[in-house]
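Trainee: Okay, so the sequence shown: first residue is 797 according to the numbering used here, each after it adds one.
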Amino acid sequence: MTEKKAGIEWHSIVRDLLRNIWVIFCAAVIGILGTYVVKHVVYNPEYTSRATVIINSAAGKANAVQTLAQSSEIAQIYAEVFVQPTMQQKVCEYLGKESFDGRIGAKVNKGTNIMDISVTADNPEEAYRELKALLKVYPQITSTLYTNGVVSVLRPAGVPKSPSNSMTSTSALKTAAAAMILAAAVIVLFSILRDTVKNESDFEDKIDARLLGTIPHERKHLGVKDILRGKKKGILFSESAFTSLKFTENFNKLASKFEYLKRTKDCKVFAITSVAENEGKSTVASNLALSLAIKGNVVVLLDLDGKKPALYKIFEQEPDDSTELGLWLSGEADKKDFKFRRYKKTNLFLALNTRPHREYARWIESGNIKKVFKALKKSADYIIVDTAPVSVDGTVTGITALSDAAVLTVRTDCVYTPIINDTILTLKNTGANFAGCILNDVYEEFSFFSQFGTDEGGYSRYSKYSGYSKYSNYSAYGRYSKYGRYQSPAGLEETEITPENMPKISADKTEDGGKV
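1) How long is the line joining the alpha carbons of ALA953 and ARG846, rounded to whole angstroms?
2) For a test of the three-state rule: what should DSSP assign to ARG990, helix, strand or coil?
3) Is the segment 1103-1115 touching the segment 1202-1219, taking contact as three or more C-beta pairs under 8 Å?
4) Measure the C-alpha to C-alpha separation of ASP1317 and CYS822 and round it to an integer number of angstroms.
5) Using the three-state DSSP reduction, which class does THR1010 fall into: helix, strand or coil?
6) Check whether the Cβ atoms of TYR1239 and THR992 lie closer than 7 Å to each other.
7) Between which two residues does the alpha helix (DSSP H) containing ALA1157 stretch?
8) What are the start and end residues of each continuous alpha helix (DSSP H) run of 4 or more residues lying completely inside the segment 1125-1210, in chain order?
9) Answer yes or no: do ASP1189 and LYS1103 have a C-beta to C-beta separation smaller than 7 Å?
10) What residue range does the beta strand (DSSP E) around TYR839 cover?
11) With which residues is LYS903 paired in a DSSP beta bridge?
12) How many Å lie between VAL915 and LEU927 at the Cα?
13) On the CB-based measure, 16 or more other CB atoms within 10 Å of its CB, does LEU950 come out buried or exposed?
14) Please tell me whether GLY830 and ALA972 are closer than 7 Å, where the distance is taken between their beta carbons.
15) Under the three-state reduction of DSSP, which class applies to VAL1094: helix, strand or coil?
16) Does the Cβ-Cβ distance between SER1199 and ALA1067 come in under 7 Å?
17) Apply the 10 Å Cβ neighbour rule to ASN961 and answer buried if 16 or more other Cβ atoms are within range, or exposed otherwise.
18) Could you check what DSSP says for ILE804 in three-state terms: helix, strand or coil?
19) Could you compute how far the alpha carbon of CYS888 sits from the alpha carbon of ASP912?
20) Secondary structure at CYS1233, three-state DSSP: helix, strand or coil?
21) If LEU1008 sits next to LYS1077, beta carbons under 8 Å apart, how far is it from one beta carbon to the other, in whole angstroms?
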């Protein structure tokens, strides 16, 4: 892990802009409303009377170029004189006023001897009177400064008909556009400075762990009805004709690394978890298990997310009490009535939950999960375990400690890197054999569309990550007493789970014949 640095990731910036488009829209509305408030509360209309004069040198016409140059210099001097307080005093004396109400402006057109003179005041008639008086009294001062200047009026003063600082609909639109640009700039700045893992390079720079593999972003092809109904759909590379080859091959590469871990370290039970919700751990666990099974391995996929199980959605399985893993682990169903679901004709066997189970903490405390792992290792090549996110369930560390290896799913641009590193340290400190991380939802080529993805578990995307410190003591499961008083699971206590009485898993069939 090297020094942390901010980087520009265009996919992240575009996603942030699209997700916060409502902020940009609100900024435009605020700009328009602000313009309206200023116009009706703060705005003070001003009127400007203008006149145009030409200033020539009285030196003669012998050299036209030299004469124009002299006239331009004289015009510059006159422009300075017209705005002096002395000129205002002369105007007040001429009009018989005590004070000058307006504001004088004089500007020489660049490279010429033409000068625009203006007087701005709160009243149009007053602006006109003061400008007309100014054109009358200026010789009293200019004649003493420069005797060779001759002033001719090209456009006389006129009474202004409308405010010179009027606020029109164009002003409101300009303010709204400026507010939108400012809001977008702030969003882009926060996107760049946000300390998350945005790509593989970021992972190497910021995360103190081994990267087992990367999973590219894969679009979820939902129909119009699915989108309107808010349906959440998982991605299985064997189920969709639209799944990219790269998505499939990356899972095959990942499966090969898990086979290597088994050969070198005798790891069979892998717990797949994540820091927070919506990082795609269920999709990763499902496709990894399927890839291992397609390679000829006997694989059992366990859903041990007791709060929001998701695997049944990915595999599109209907609720069935005889296949509900939580009922068996809780002692509400006898072992002999439990059935593994075989996924089609593969070597993948599913032990799923289709609803939350309040007593899930007792699965670890009673030792039932440990017994299940021990028994399944006798008949399966791999046991892939889908757990809840570490940030929402303290019992996860108990499952990872019982597993042969723990793997953390990290979704790009989702969780802050200090929290990821703290979670990795927590898993190690609570007894887990931490194998590494899987970087999920990696964008390789820029695409303006298809920037969004959703998790199958139904977790909120915008969860707050500030309160992770409360999960530092994961061994204290007593806090979960709010789920009720747990009784010792009757069926599991009377019939201990052993390799002998465990439902047999084989590539040919399950004890109950398997569900194809």
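Ideal Cβ placement from N, Cα and C applies to all residues, glycine included.
Mentor: According to the structure data:
1) Walking along the sequence shown from the start, residue 953 turns up at place 157. Walking along the sequence shown from the start, residue 846 turns up at place 50. Straight-line Cα distance between these residues: approximately 5 Å.
2) Reading the sequence shown from its first residue, position 194 is the one you call residue 990. Looking at ARG990 - three-state DSSP - the assignment turns out to be coil, as it is neither helix nor strand.
3) no
4) One cannot answer for residue 1317 here, as it falls past the ends of the chain, which runs 797 to 1312.
5) In the sequence shown, residue 1010 corresponds to position 214, counting from 1. THR1010 falls in the strand class under three-state DSSP.
6) Position 443 of the sequence shown holds residue 1239. Position 196 of the sequence shown holds residue 992. Not closer than 7 Å, so no.
7) Within the sequence shown, the letter at position 361 stands for residue 1157. Segment 1157-1161, the alpha helix (DSSP H) holding ALA1157.
8) 1157-1161, 1164-1175 and 1192-1198
9) Mapped onto the sequence shown, residue 1189 falls at position 393. Mapped onto the sequence shown, residue 1103 falls at position 307. It is a contact, given that the beta carbons lie within the stated cut-off.
10) Here the question's residue 839 lines up with position 43 in the sequence shown. Looking at the DSSP string, TYR839 is not in any beta strand (DSSP E), and its letter there is neither H nor E.
11) Taking the first residue of the sequence shown as position 1, residue 903 is located at position 107. Paired residue(s): ASP912.
12) Within the sequence shown, residue 915 is the residue found at index 119, counting from 1. Within the sequence shown, residue 927 is the residue found at index 131, counting from 1. Straight-line measurement puts the Cα of LEU927 at about 6 Å from the Cα of VAL915.
13) Counting from 1 along the sequence shown, the entry for residue 950 is found at position 154. Its Cβ having fewer than 16 others within 10 Å, LEU950 is exposed.
14) Sequence index remark: in the sequence shown, residue 830 carries index 34 (1-based). Sequence index remark: in the sequence shown, residue 972 carries index 176 (1-based). Contact annotation: GLY830 and ALA972 have beta-carbon atoms that are not nearer than 7 Å.
15) In the sequence shown, counting from the first residue as 1, residue 1094 sits at position 298. The DSSP-derived three-state label of VAL1094 is coil.
16) For the purposes of this step, residue 1199 is identified with residue 403 of the sequence shown, where counting begins at 1. For the purposes of this step, residue 1067 is identified with residue 271 of the sequence shown, where counting begins at 1. Contact flag set, yes.
17) Numbered from 1 along the sequence shown, position 165 holds the residue referred to as residue 961. By the 10 Å Cβ count, ASN961 comes out exposed.
18) Mapped onto the sequence shown, residue 804 falls at position 8. The answer is coil: DSSP assigns ILE804 none of H, G, I, E or B.
19) For the purposes of this step, residue 888 is identified with residue 92 of the sequence shown, where counting begins at 1. For the purposes of this step, residue 912 is identified with residue 116 of the sequence shown, where counting begins at 1. Those two C-alpha atoms are separated by around 21 Å.
20) Looking up residue 1233 in the sequence shown gives position 437. In the structure shown, CYS1233 sits in a strand (DSSP, three-state: E or B).
21) As a first step, residue 1008 is located in the sequence shown; it is residue number 212 there, counting from the start. As a first step, residue 1077 is located in the sequence shown; it is residue number 281 there, counting from the start. Not a contact, Cβ separation roughly 13 Å.
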